[in-house]
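Novice: Count along the sequence shown from 1, add 71, and you get the number used in the UniProt record's numbering.
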Amino acid sequence: EHLNPDAQLEEDARVRDSIQVLRMNDRGGYTVPAEGLYPFQWNWDSAIVSAGWAVFDEERAWAELETLFSDQWADGMVASINFIKFSDTYFPGPEIWGTPEKPSKTSGISQPPVAAMSARFLFEHAENQDLAKAKVEELFPKMLAWHRWWYKARDPEKKGVVAILHPWESGMDNSPAWDEAMKFPIDPELPPYVRRDLTHVNASMRPTKDTYDHYLTLLYKFKKAHFYDPDQLYWISPLRVTDLCVNSILFRANRDLRWLALQLGKEEETTEIEQWLDAGFEGFNMLWDEEAGLYKCQDQITGKLADAGISAAFLPLFAGVASKEQAAKLVENLERWLSKVKYAVPSLNPEDPRFDQLQYWRGPVWLIINWMISNGLRHYGYEELADRIKQDSIELTNKAGLREYFDPLTGDGCGGRQFSWTAAMCLAWLD
Ligand code: 9WN
Numbered sequence: 072e073h074l075n076p077d078a079q080l081e082e083d084a085r086v087r088d089s090i091q092v093l094r095m096n097d098r099g100g101y102t103v104p105a106e107g108l109y110p111f112q113w114n115w116d117s118a119i120v121s122a123g124w125a126v127f128d129e130e131r132a133w134a135e136l137e138t139l140f141s142d143q144w145a146d147g148m149v150a151s152i153n154f155i156k157f158s159d160t161y162f163p164g165p166e167i168w169g170t171p172e173k174p175s176k177t178s179g180i181s182q183p184p185v186a187a188m189s190a191r192f193l194f195e196h197a198e199n200q201d202l203a204k205a206k207v208e209e210l211f212p213k214m215l216a217w218h219r220w221w222y223k224a225r226d227p228e229k230k231g232v233v234a235i236l237h238p239w240e241s242g243m244d245n246s247p248a249w250d251e252a253m254k255f256p257i258d259p260e261l262p263p264y265v266r267r268d269l270t271h272v273n274a275s276m277r278p279t280k281d282t283y284d285h286y287l288t289l290l291y292k293f294k295k296a297h298f299y300d301p302d303q304l305y306w307i308s309p310l311r312v313t314d315l316c317v318n319s320i321l322f323r324a325n326r327d328l329r330w331l332a333l334q335l336g337k338e339e340e341t342t343e344i345e346q347w348l349d350a351g352f353e354g355f356n357m358l359w360d361e362e363a364g365l366y367k368c369q370d371q372i373t374g375k376l377a378d379a380g381i382s383a384a385f386l387p388l389f390a391g392v393a394s395k396e397q398a399a400k401l402v403e404n405l406e407r408w409l410s411k412v413k414y415a416v417p418s419l420n421p422e423d424p425r426f427d428q429l430q431y432w433r434g435p436v437w438l439i440i441n442w443m444i445s446n447g448l449r450h451y452g453y454e455e456l457a458d459r460i461k462q463d464s465i466e467l468t469n470k471a472g473l474r475e476y477f478d479p480l481t482g483d484g485c486g487g488r489q490f491s492w493t494a495a496m497c498l499a500w501l502d
């Protein structure tokens with residue numbers, strides 16, 4: 072297929088290694104993000120990983136989503152973590168979260184709702200159409216209940232966009248977009264704790280102790296509020312941010328859920344989803360910073376837009392919520408950012424003084440975000456830029472392997488190794 076035989080060899084190796092990583096991280100019906108570092112089922116990781124499984128084992132791909140929803144809460148929430156099998160290599164584990172079993176214990180907050188995007192991906196790529204139809208029939212009401220939960224629990228004021236109440240809920244844990252919002256006081260009675268992440272990964276690549284103290288302050292506060300009761304949490308949380316990652320993914324997932332509803336002939340549900348999309352269009356207007364030519368996260372408590380330009384600013388392209396004019400401004404910004412780094416797309420504007428090439432969501436490149444941005448750019452007709460992002464992603468994995476994230480200046484791999492969602496991207500996107 073390739074004119075260059077070396078590229079073909081590299082591609083074969085990448086596909087082989089990716090399949091091996093998913094098999095190695097398979098715990099039976101679900102895939103851990105990385106051995107040791109993340110030993111449970113993570114929500115958006117699993118949804119993304121199901122698209123990787125779909126390339127070589129359709130049944131196993133559906134199982135990933137089924138397992139994710141097997142611990143769905145009665146109110147519709149799907150937690151950020153399902154603690155399915157015991158492990159003591161991660162903190163905070165089930166004993167800290169302290170939620171009841173459903174049947175597994177889970178965390179008490181959610182994560183970006185990727186599942187409907189993946190269900191559509193699996194459906195569209197299915198060789199076994201009967202299986203796909205049956206699986207979507209089963210999953211559809213669960214996904215709908217989860218999206219409803221987002222609006223009920225995280226947008227009770229009907230802004231059209233939902234709030235995150237914890238940085239872990241965004242998936243972009245230590246993003247500078249909420250540096251200001253995270254300045255609330257640390258609980259003076261915070262129980263002492265030992266971090267496990269630092270036994271797996273160098274501290275320079277992980278959030279700081281101060282950041283963890285804030286994460287845990289929120290966790291304990293939510294636990295005390297009647298075990299994460301969503302009717303209370305929104306009002307009592309010291310952190311309440313309109314996050315671009317969750318909202319872009321929710322918007323896109325609503326479009327995919329609507330598409331699935333149409334396949335299944337579910338007229339009534341389609342109307343409900345369309346209302347979310349209409350309100351979402353309005354909500355996103357509040358997040359547009361015309362002067363910067365970027366979308367920004369918003370602190371709902373102060374009403375201020377964040378000053379940081381983050382990679383999630385380009386995700387409204389993937390959602391399909393940006394106008395052509397907004398897209399053109401986003402592309403201008405993206406091109407400037409890319410002229411400052413070797414590999415697309417840094418998670419923070421490289422001109423920002425807080426830019427740190429190794430520090431997690433404060434600079435490094437994440438392949439799953441690259442995939443979404445590239446996909447969005449293609450949709451708006453920016454083929455060349457979309458190709459550049461794809462090409463950079465290929466180079467990164469060829470050079471550094473299936474790492475958790477990558478240094479945008481050197482291309483070195485960072486964080487966890489043999490990482491499931493990076494492997495899934497190599498199968499579902501970079502093949
Ligand atoms: C907390 C598993 C998860 C990802 C997140 C990423 C990181 C966890 C942590 O790992 O977060 O959920 O302990 O650092 O930020 O996006 O889902 O890969």
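For glycine and all other residues, C-beta sits at the position ideal for the given N, C-alpha and C.
Starting from PHE192, trace the alpha helix (DSSP H) in both directions and tell me its first and last residue.
Specialist: Within the sequence shown, numbered from 1, the residue matching residue 192 stands at position 121. Start and end: 186-195.
Novice: Could you check if PRO435 belongs to the surroundings of ligand 1, using beta carbon to heavy atom distance under 8 angstroms?
Specialist: Indexing the sequence shown from 1 puts residue 435 at position 364. No.
Novice: Taking the beta carbon of PHE157 as the centre, do at least 16 other beta carbons fall within 10 Å, making it buried, or is it exposed?
Specialist: Here residue 157 refers to the residue found at position 86 when the sequence shown is read from its first residue. PHE157 should be labelled exposed.
Novice: Of all the options PHE385, VAL392, THR270 and GLU209, which has the alpha carbon lying nearest to the alpha carbon of GLU353?
Specialist: Numbered from 1 along the sequence shown, position 282 holds the residue referred to as residue 353. Of the listed residues, the one whose Cα sits closest to GLU353 is VAL392.
Novice: Between ARG225 and the rest of its own chain, which residues show a CB-CB distance below 7 angstroms, the 5 nearest in sequence each way excluded?
Specialist: By one-based count along the sequence shown, residue 225 stands at place 154. Answer for ARG225: VAL233, ALA234 and TYR305, listed in chain order.
Novice: Going by the CB atoms, is the gap between ILE320 and PRO183 shorter than 9 angstroms?
Specialist: Residue mapping note: residue 183 aligns to position 112 of the sequence shown, counting from 1. Residue mapping note: residue 320 aligns to position 249 of the sequence shown, counting from 1. In contact: PRO183 and ILE320 (Cβ atoms closer than 9 angstroms).
Novice: Could you spell out where the beta strand (DSSP E) holding ILE152 opens and where it closes?
Specialist: In the sequence shown, counting from the first residue as 1, residue 152 sits at position 81. From DSSP, the beta strand (DSSP E) with ILE152 extends over 152-154.
Novice: In the DSSP assignment, find the unbroken alpha helix (DSSP H) run with GLY354 in it and report its ends.
Specialist: Residue numbering aside, residue 354 sits at position 283 when the sequence shown is read from its first letter. Taken as a continuous stretch (DSSP letters only), the alpha helix (DSSP H) holding GLY354 covers 338-356.
Novice: Helix or strand or just coil, what does DSSP make of TYR286?
Specialist: The sequence position of residue 286 within the sequence shown is 215, counting from 1. Note: TYR286 maps to helix in three-state DSSP.
Novice: Taking just the CA atoms, how far does TRP221 sit from TRP359?
Specialist: The sequence position of residue 359 within the sequence shown is 288, counting from 1. The sequence position of residue 221 within the sequence shown is 150, counting from 1. Cα-Cα distance, rounded: 22 angstroms.
Novice: When the cut-off is 9 angstroms and only beta carbons count, does ASN273 lie next to chain B?
Specialist: Chain labels in this structure do not include chain B; a single protein chain is all it has.
Novice: To which residues of the same chain is ASN404 closer than 6 angstroms at the C-beta, ignoring the five residues directly before and after it?
Specialist: Locating residue 404 in the sequence shown gives position 333, where the first residue counts as 1. Excluding residues within five positions, the ones whose Cβ falls inside 6 angstroms are GLY364 and LEU365.
Novice: Just verifying my parser: in three-state terms, what is the DSSP assignment at PHE322?
Specialist: Numbered from its first residue, the sequence shown carries residue 322 at position 251. DSSP places PHE322 in helix when its eight states are reduced to three.
Novice: Taking contact to mean at least 3 C-beta pairs separated by less than 8 angstroms, is the region 276-287 in contact with the region 406-416?
Specialist: Because the criterion of three Cβ pairs below 8 angstroms is not met, the region 276-287 and the region 406-416 do not touch.
Novice: Is it the case that the CB of ASN318 approaches a heavy atom of ligand 1 more closely than 8 angstroms?
Specialist: Position 247 of the sequence shown holds residue 318. No, ligand 1 has no heavy atom inside 8 angstroms of this Cβ.
Novice: Near LEU456, what residues of its chain come up, given a Cβ to Cβ distance below 6 angstroms and the 5 sequence neighbours on each side ignored?
Specialist: Numbered from its first residue, the sequence shown carries residue 456 at position 385. So the qualifying residues of the chain are LEU448.
Novice: According to the Cβ coordinates, are ASN245 and TRP408 closer than 9 angstroms?
Specialist: Taking the first residue of the sequence shown as position 1, residue 245 is located at position 174. Taking the first residue of the sequence shown as position 1, residue 408 is located at position 337. No, these two residues do not count as a Cβ contact at 9 angstroms.
Novice: Report all residues from its chain with a CB closer than 7 angstroms to the CB of GLN200; omit the five preceding and five following residues, and keep chain order.
Specialist: Here residue 200 corresponds to residue number 129 of the sequence shown, with the count starting at 1. Cβ neighbours of GLN200 beyond the five flanking positions: none.
Novice: How many angstroms separate the CA atom of GLY231 from the CA atom of ASP370?
Specialist: Mapped onto the sequence shown, residue 231 falls at position 160. Mapped onto the sequence shown, residue 370 falls at position 299. Cα to Cα, GLY231 sits roughly 15 angstroms from ASP370.
Novice: In this structure, does DSSP put TYR109 in helix, strand or coil?
Specialist: Your numbering for residue 109 matches position 38 in the sequence shown. Residue state, collapsed to three classes: strand.
Novice: Any heavy atom of ligand 1 within a distance shorter than 8 angstroms of the CB on PRO278?
Specialist: The residue given as residue 278 occupies position 207 in the sequence shown. Yes - ligand 1 has a heavy atom lying nearer than 8 angstroms to the Cβ of PRO278.
Novice: Between which residues of its own chain and HIS196 is the CB-CB distance below 7 angstroms, once the five residues before and five after are set aside?
Specialist: Within the sequence shown, numbered from 1, the residue matching residue 196 stands at position 125. ALA125, listed in sequence order.
Novice: So TRP408 is in the alpha helix (DSSP H); what residue range does that whole segment cover?
Specialist: Indexing the sequence shown from 1 puts residue 408 at position 337. Start and end: 395-409.
Novice: Roughly how many angstroms lie between the CA atoms of ASP302 and GLY452, to the nearest whole one?
Specialist: Taking the sequence shown and counting its residues from 1, the one referred to as residue 302 is at position 231. Taking the sequence shown and counting its residues from 1, the one referred to as residue 452 is at position 381. If you take the alpha carbons of ASP302 and GLY452, they lie about 42 angstroms apart.
Novice: Hey, which unbroken runs of the alpha helix (DSSP H) at 4 residues or more fall wholly within the region 192-244?
Specialist: If we require 4 residues or more, the alpha helix (DSSP H) runs fully inside the region 192-244 come out as 200-225 and 238-241.
Novice: Would you grab the beta carbon distance between SER241 and ASP314 for me? Rounded to a whole angstrom, and I think it's under 8 angstroms.
Specialist: What you label residue 241 is simply residue 170 of the sequence shown in a count that begins at 1. What you label residue 314 is simply residue 243 of the sequence shown in a count that begins at 1. Contact flag correct, Cβ pair sits at about 4 angstroms.
Novice: Mind checking who ILE381 pairs with in its DSSP beta bridge?
Specialist: Counting from one through the sequence shown, the residue named residue 381 turns up at place 310. DSSP, once it has assigned bridges, lists LEU419 as partnering ILE381.
Novice: Just to confirm, is the Cβ distance from residue 504 to ASN441 under 9 angstroms?
Specialist: Here the chain covers residues 72 to 502 and nothing more, so residue 504 does not appear.
Novice: Would you tell me roughly how many angstroms separate the C-alpha atoms of THR270 and ALA471, rounded to the nearest one?
Specialist: The residue given as residue 270 occupies position 199 in the sequence shown. The residue given as residue 471 occupies position 400 in the sequence shown. Those two C-alpha atoms are separated by around 21 angstroms.
Novice: For ligand 1, I want to know if residue 503 counts as a neighbour, meaning its beta carbon is within less than 8 angstroms of at least one of the ligand's heavy atoms.
Specialist: Because the chain is modelled from 72 through 502, residue 503 falls outside the range shown and cannot be assessed.
Novice: With which residues is residue 62 paired in a DSSP beta bridge?
Specialist: Not covered by the structure: residue 62. The range shown for the chain is 72 to 502.
Novice: Please return the same chain residues whose Cβ sits closer than 7 angstroms to the Cβ of PHE389, not counting the five positions on each side in sequence.
Specialist: The count along the sequence shown starts at 1 and reaches residue 389 at position 318. Within the same chain, PHE389 has close Cβ partners SER319, ARG323, MET443, ILE444, ASN446 and GLY447.
Novice: Write down the C-beta distance between TYR109 and ILE155 rounded to the nearest angstrom, noting that I regard them as a contact closer than 8 angstroms.
Specialist: Residue 109 sits at position 38 when you count from the first residue of the sequence shown. Residue 155 sits at position 84 when you count from the first residue of the sequence shown. With a Cβ gap of about 12 angstroms, TYR109 and ILE155 do not count as contacting.
Novice: Note down, in chain order, each residue of its chain lying with its Cβ closer than 6 angstroms to the Cβ of ILE465, except the 5 sequence neighbours on either side.
Specialist: Position 394 of the sequence shown, counted from the start, is the residue given in the question as residue 465. Here the set comprises LEU501.
Novice: Give me every residue whose Cβ sits closer than 5 angstroms to any heavy atom of ligand 3, in chain order.
Specialist: No copy of ligand 3 appears in this structure; the ligands present are ligand 1.
Novice: In terms of alpha-carbon separation, which member of GLY487, GLY147 and ASP281 lies closest to HIS218?
Specialist: Residue mapping note: residue 218 aligns to position 147 of the sequence shown, counting from 1. The option with the nearest alpha carbon to HIS218 is GLY147.
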